[in-house]
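Contents: one structure, followed by commentary.
2 protein chains.
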Amino acid sequence: MRLSTKGRYAVRAMVDLALHAHEGPVSRAEIAGRQGISADYIAHLFHRLQRAKLIRGVRGRSGGYLLARDPAHIRIGEIVRAVEGPMALTDCTVPGQETVCPRASRCVTRALWLKTAQAVAETLDSVTLADLCRQATES
Amino acid sequence: MRLSTKGRYAVRAMVDLALHAHEGPVSRAEIAGRQGISADYIAHLFHRLQRAKLIRGVRGRSGGYLLARDPAHIRIGEIVRAVEGPMALTDCTVPGQETVCPRASRCVTRALWLKTAQAVAETLDSVTLADLCRQATES
DNA sequence: GAAAAATTGACAATTTCAGTCAAGTATTGT
DNA sequence: ACAATACTTGACTGAAATTGTCAATTTTTC
Ligand code: FES
Ligand code: FES
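Residue numbers (my numbering), protein chains in the order written: chain F, 968 to 1106; chain Z, 968 to 1106.
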């Protein structure tokens, strides 16, 4: 039941990006340095975040990354889902994968896994990137 | 963010046990046969469930396992925690492990992971073994 | 045109998962 | 008594996921 480093790093990197992207793109090297995460690893995470349209990559010299949306409209759940895939506690509760368990229709536990994953999603979606940034600056 | 088979198997096995233990202990072989789970694997799961005082092992011929408590007082969360360890999305949110992250006191994401794990625990603890059994029989 | 930086894919070390196997202990039916 | 049954426990293994690293490529700017 652990979140992988992908999810944790991605959220931290996004907070860092939100706090420093006010003027121009932020490079991986800067974020990696501040957050103590490998720059090469961040590349993969940001690739996924970009596919999810949460950030935008700017190439070339003095390039880097920018948020694609206002931090107040980026929910933490979106970040986690982007790098970790759909939130589901079992394969058979992933949307579109209902047929993995042969007896899914009779399974008494399935509804519970579904409900639990929903609780996780709701919790993570109840917080925005702006919320975390505010918390980070007011310390 | 997946639950391992330990958690899923343990819950299924406990439901099976609750449904069949009315008269005498149930052996691993019976449960394994009905649920399609390896009997040897169940041994390990039940060992942990026993340490958590959720079931009781009865040795010798015609032995097996019995529930240690009334199904109405066994919460699914207890079963999952017994086989998967404490519910935490990160190592630094495991009770007693707060020092894993050097900057835990300043970390803005930690509170969110804590809150999320709590949501999972509450959801799983809101359902009892008796609830699942009722659902299984009324189909 | 050279340097900086993102893009992308291949690859490797480590850890976790899922399950097997076996040796040992306790109990019971006959 | 004793053989059969069944739990107990630890060691071990193959497969998969995790967590990165590295290099080649493309794009842009100074
Ligand atoms: S766990 Fe997949 S249907 Fe029951
Ligand atoms: S993730 Fe552990 S303290 Fe921030």
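Just so you know, even glycine gets a beta-carbon here, dropped at the ideal spot from N, CA and C.
Predicted model, so just to flag it, every value in this text is computed and none were measured.
Looking at the DSSP output, V993/Z shares a beta bridge with Y1032/Z. Nearest in C-alpha terms to R1036/F, of all of E997/F, L984/F, H1011/F and A1006/F, is L984/F.
Any Cβ of chain F closer than 7 Å to the Cβ of M968/Z would place that residue at the interface, and such an atom is present. Put simply, the CB of A980/F is far from chain Z, with every gap to its CB atoms at 7 Å or more. Going by beta carbons, A988/Z and L1033/Z fall inside the 7 Å limit. Between V1061/F and R1015/F, the C-beta gap is not smaller than 7 Å, which leaves the two residues out of contact. For E1089/F, the number of other beta carbons within 10 angstroms of its own is below 16, and it is reported as exposed.
For K1082/Z, the neighbours in chain F by C-beta distance under 7 Å run, in chain order, T1090. Distances taken from the Cβ of C1068/F to the heavy atoms of ligand 1 include one shorter than 6 Å. CA-to-CA, the gap between T1076/Z and K973/Z works out to about 28 Å.
By the C-beta criterion, the region 1004-1014 of chain Z is judged not to be in contact with the region 1084-1104 of chain F, since fewer than 3 inter-stretch pairs fall below 8 Å.
Under the three-state reduction of DSSP, G1000/Z is assigned to helix. When 7 Å is used as the limit between beta carbons, I1043/F is near these residues of chain Z: L1079, in chain order. Residue state for G1024/Z is assigned as strand, using DSSP reduced to three classes. M1054/F places its beta carbon 7 Å or farther from that of M1054/Z. Within the region 1050-1082 of chain Z, no run of beta strand (DSSP E) at least 3 residues long lies entirely inside it. By the criterion of a C-beta distance shorter than 7 Å, W1080/Z is surrounded in its chain by L1056, T1057 and T1060, once the five residues flanking it on both sides are discounted. Just so you know, the alpha carbons of R1001/Z and A1084/F end up roughly 27 Å apart. Under the 7 Å criterion on CB atoms, T1060/F is classed as non-interfacial with respect to chain Z. CA-CA distance, A980/F to Q1064/Z, rounds to 23 Å. Selection R975/Z, S971/Z, L970/Z and V982/Z evaluated against R1101/Z yields V982/Z as nearest (Cα-Cα).
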